[in-house]
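A.B. asks: Going by the UniProt record's numbering, the first residue of the sequence shown is number 1, and it counts up by one from there.
No residue lacks a Cβ here, since even glycine has one placed at the ideal position from N, Cα and C.
These numbers were taken from a predicted model, which means no experiment stands behind them.
The structure under discussion is supplied below as structure tokens; questions concerning it will follow.
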Amino acid sequence: MAKVCCCSSIGNPPGSRKIVEAGGRSIGVYNHDGQFYALRNVCPHQGAELCKGLIKPLVVSKGPDHFEYEREGEIVRCPWHQWEFDMKTGCMIVDPAMRTKTYEVTVETFGVTVEEGQVVVHM
Ligand code: FES
1 MAKVCCCSSI
11 GNPPGSRKIV
21 EAGGRSIGVY
31 NHDGQFYALR
41 NVCPHQGAEL
51 CKGLIKPLVV
61 SKGPDHFEYE
71 REGEIVRCPW
81 HQWEFDMKTG
91 CMIVDPAMRT
101 KTYEVTVETF
111 GVTVEEGQVV
121 VHM
């Protein structure tokens, strides 16, 4: 399992996405309401950089002339052909068998001090 070390509440606030390199792979790390999710930045359709796509809600309908939004900010839309993926599972919305890899995300915090005008991160 690749370990992704990139996030902080400052650098990746809720509702945001950050694309990082880890283990030779490009990975999109999403902060959804303080929970972090990571997806491989490769669309299983034709290989676009999936994580450069928009973050959207799920659009559902009970029939003609009706739609509503659910799961605000949980759907990643591929920038090339607009396929949509669940950021929590990596599964395509209309065909869950089609998916991109997900990664476990852990958040570590470090102490910070200012010494002689410089910010020092204690790791
Ligand atoms: S490459 Fe992502 S939908 Fe086609």
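#1: Take GLY23 as the anchor and find which of PRO14, SER16, CYS51 and ARG40 has the nearest alpha-carbon.
#2: Would you give the residue range spanned by the beta strand (DSSP E) that THR89 belongs to?
#3: According to the neighbour-count rule (16 or more other Cβ atoms, all chains shown, within 10 Å of its Cβ), is TYR37 buried or exposed?
#4: For the UniProt domain "Rieske" (3 to 121), which segments carrying the alpha helix (DSSP H) assignment without a break, of at least 4 residues, lie completely within its bounds, in sequence order?
#5: Verify whether the separation of the beta carbon atoms of HIS45 and GLU74 is less than 9 angstroms.
#6: What is the DSSP secondary structure of MET123, reduced to helix, strand or coil?
#7: Hey, would you say GLY28 sits closer than 9 angstroms to PRO14, going by beta carbons?
#8: Should GLN46 be listed as close to the ligand FES, given that the test is whether its C-beta is under 8 angstroms from any heavy atom?
C.D. replies: Looking at the coordinates:
#1: ARG40
#2: Taken as a continuous stretch (DSSP letters only), THR89 belongs to no beta strand (DSSP E), as it is neither H nor E.
#3: Buried, since its Cβ has 16 or more Cβ neighbours within 10 Å.
#4: none
#5: no
#6: coil
#7: no
#8: At least one heavy atom of the ligand FES is nearer than 8 angstroms to the Cβ of GLN46, so yes.
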